[in-house]
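Okay, so here's the structure we're looking at.
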Amino acid sequence: MTDPSHALARVRKLLALATSPNPHEAAAAAARAQALIETHRLQAWLDAEQTAEADPVPIIDARDQPLETSRRIRKWKSALATMLADCNGCIAYTTPVGKEHAIVLVGRSRDRAAVTALWEWLVKRIEWLSATHGQGQRRQWHEAFRIGVVDAVAQRLRAASKEVRAEFEATALVRVDPVVSAHNEALDRFVNEHLQLGRGRQLRVDAEAWHRGRDASDELDIPG
Numbered sequence: 007m008t009d010p011s012h013a014l015a016r017v018r019k020l021l022a023l024a025t026s027p028n029p030h031e032a033a034a035a036a037a038r039a040q041a042l043i044e045t046h047r048l049q050a051w052l053d054a055e056q057t058a059e060a061d062p063v064p065i066i067d068a069r070d071q072p073l074e075t076s077r078r079i080r081k082w083k084s085a086l087a088t089m090l091a092d093c094n095g096c097i098a099y100t101t102p103v104g105k106e107h108a109i110v111l112v113g114r115s116r117d118r119a120a121v122t123a124l125w126e127w128l129v130k131r132i133e134w135l136s137a138t139h140g141q142g143q144r145r146q147w148h149e150a151f152r153i154g155v156v157d158a159v160a161q162r163l164r165a166a167s168k169e170v171r172a173e174f175e176a177t178a179l180v181r182v183d184p185v186v187s188a189h190n191e192a193l194d195r196f197v198n199e200h201l202q203l204g205r206g207r208q209l210r211v212d213a214e215a216w217h218r219g220r221d222a223s224d225e226l227d228i229p230g
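This note's numbering numbers the first residue of the sequence shown as 7 and each following residue consecutively.
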């Protein structure tokens, strides 16, 4: 079976390109990392000849290992966590922790590790874009701008995962959708049995800044 730690090491190596002064070189790493994550997950299931239901790695509520802890969770970070979790077989939610709030991931350890790696990389890049394009703008503008970037990146990462699945089916001659659906059903069942999550609130943001953020996401050079 493919080694999750080896795959994650390759993901982190790709994302290390974020230190490059060229944002196009740095951001192209995110797309390759997402494709690598998706390929590894599907290959692991195939190698073990197992379904998501029989996966030996348990789904857990990792509230003791929060993705972020702050007195106030910014809307754009909540949106980013939700998107990355959805793309990588997890669920993200916010919960009070003393006088602070935390973003918590629910999922298997390898999937949560993948979300964390992408999260650490993207937070820095989105903050950089916001500072570059919104010098002198109000906090609300930056919030909307960053959500715009998140929405645009979400479309591209989902498209990248879909492309990997299609290629996987063509080369491995196995249907991927039933396996992915089984995983999602197992995740939903865990949440229903162990958590009581409320409905999220609709985000209201500056429309102009949101569109600027979507347009600026092209500077991340993430192919879709």
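C-beta atoms are modelled at their ideal positions from N, C-alpha and C, and glycine is treated no differently.
What is the rounded straight-line gap between the Cα of A192 and the Cα of A87?
20 Å
Where does R207 fall in DSSP's three states?
Legend: pLDDT at R207 = 47, less than 50; position of this residue unreliable, value from coordinates given subsequently. Coil, per DSSP.
Thinking C-beta only, is A158 closer than 8 Å to V110?
Taking the C-beta atoms as reference points, A158 is found no nearer than 8 Å to V110.
Of the choices S11, G154, C93, whose alpha-carbon is the least far from that of A50?
Nearest option by C-alpha distance: S11.
Quick one: measure Cβ to Cβ for I43 and R114, integer angstroms, because I've assumed they're closer than 8 Å.
Wrong, their Cβ atoms sit about 12 Å apart, outside the cutoff.
Between which two residues does the beta strand (DSSP E) holding D102 run?
This sequence places Pro at residue 102; Asp is not what is there. Counting along the chain, the beta strand (DSSP E) containing P102 begins and ends at 97–103.
Decide if N94 is buried, meaning its Cβ has at least 16 other Cβ atoms within 10 Å, or exposed.
buried
Answer yes if the segment 118–133 comes into contact with the segment 173–190, meaning at least three C-beta pairs across the two stretches below 8 Å, and no otherwise.
The segment 118–133 and the segment 173–190 do not touch, with fewer than three beta-carbon pairs separated by less than 8 Å.
Assign R205 to buried or exposed, taking buried as 16 or more other Cβ atoms, counted over all protein chains shown, within 10 Å of its Cβ.
Low confidence applies to R205: its pLDDT is 46, below 50, so where it sits in the model is not reliable, and the reading given next is rough at best. Answer is exposed; the Cβ neighbour count stays below 16.
Just confirm the distance between the C-beta atoms of G140 and W147, as a whole number of angstroms; I'd bet it's less than 8 Å.
About 6 Å; that satisfies the 8 Å criterion.
Taking the alpha-carbon of G154 as reference, which of L90, T100, I132 has the nearest alpha-carbon?
I132
T75 bridges to which residues according to DSSP?
A108
Helix, strand or coil, according to DSSP, for I65 in the structure here?
If DSSP states are grouped into helix, strand and coil, I65 belongs with coil.
Checking 8 Å against the spacing of the C-beta atoms, do S167 and R152 come in under that value?
no
Give every residue of the same chain whose Cβ lies closer than 8 Å to the Cβ of D70, excluding the five residues on either side of it in the sequence, and list them in chain order.
The answer is none, since no qualifying residue turns up.
Return the CA-CA distance between S76 and W127, expressed in angstroms with no decimal places.
18 Å
What separation, rounded to the nearest whole angstrom, lies between the Cα atoms of G104 and R164?
Roughly 35 Å separates the two Cα atoms.
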